[in-house]
Amino acid sequence: MIDQSNSCHESANLVEACGVNYTYGSGHLKRNVLSDIHFVAKRGEITLLIGPSGSGKSTLLTLIGALRSCQNGSLKVLGEELLDINEASRIRLRRRIGFIFQSHNLVRALTAIENVELVLRLKSNDSIFRYNKAYEILNSVGLSEHVSSYPSQLSGGQRQRVAIARALAMEPALILADEPTASLDRSSGEEVIRMLSEMCYRRNAGAVLVTHDLRLEKYAKRIWRIEDGLISSY
């Protein structure tokens, strides 16, 4: 078990949760989803969040990604305290995080390279820079021959690689992924996670993955289990 009393003060932490609780509803419909969460994720590592469906994993991920408001406790992401964060700071923080969703969320009418270029519009108005940067990232995930392909022309593994490339386009310090291998076969799933692990190491970034896929354990430096809203090191 990781010493939680010290874990919230380590300088290498990208995510530091201390005493975080989260509830849905109010009155007699009030339901406690997360209870006294103490959790860390570090640079250069993949961190897994595992546990049964409905245990609170995705809720914690959305809190970390500033997609949901923190209700109490302390939750620091990339050095930013999320409790009572204002909307402008929340938007700036999200731009420093790469998101990978289970359903890819690629724009079907855009090619692979156009999907990656889309997020780069937040960084530059230079179309040549955006194209070259998008091509470089797609090449790094083994898709240089598919830059002009539409999502419908790609396999599930290739689409997920485009999603990873898009998440990496803004050079985030933190990547958050919700069931990134759920729609992939065994070999494609492991290839995607291996690639993500290597990129985290090379870029000194970190990744937090919600997953039911226990085959991914070998790629993780830390594994946390959430059940009935409670978290423990695994």
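Heads up: the sequence shown runs through residues 90 to 323, numbered per my numbering.
Cβ coordinates follow ideal geometry from the N, Cα and C atoms, glycine included.
Item	Value
Distance, L211 Cα to T270 Cα	28 angstroms
Sheet register partners of K131 (DSSP bridge)	N102
Burial state of E206 (16 or more Cβ within 10 Å)	buried
Where C159 falls: helix, strand or coil (DSSP)	coil
Bridge-paired residues (DSSP) for V109	I126
Local Cβ density within 10 Å of V196, reported as buried at 16 or more and exposed below that	exposed
Alpha-carbon spacing of A198 relative to L150, whole angstroms	28 angstroms
Touch test, the stretch 212-230 against the stretch 170-183, Cβ-Cβ under 8 angstroms, three pairs minimum	no
Counted within 10 angstroms of its Cβ, other Cβ atoms place D267 as buried (16 or more) or exposed	buried
Presumed contact (8 angstroms Cβ cut-off) between L232 and R250, rounded CB distance	6 angstroms
Expected contact under 8 angstroms - CB spacing of V129 and V166 to nearest Å	So it is not a contact: roughly 11 angstroms between Cβ atoms.
Which listed residue (S142, E170, G140) has its alpha carbon closest to that of L152	E170
R304, buried or exposed, once every other Cβ within 10 Å from all chains shown has been counted against 16	exposed
Beta strand (DSSP E) runs contained entirely in the stretch 172-203, provided each spans 3 or more residues	186-189
Cut-off 6 angstroms between Cβ atoms - residues of its own chain near S286, not counting five sequence neighbours on either side	I135, Y308
Rounded separation between A155 and R219 - CA only	26 angstroms
Residue interval of the alpha helix (DSSP H) (run including S322)	Careful: S322 lies outside any alpha helix (DSSP H), inside the beta strand (DSSP E) at 319-322.
Check: E134 C-beta below 7 angstroms from any heavy atom of the ligand FMN	By its list of ligands, the structure shown contains no ligand whatsoever, and the ligand FMN lies outside what it can speak to.
N121 - partner residues in DSSP beta bridges	T112
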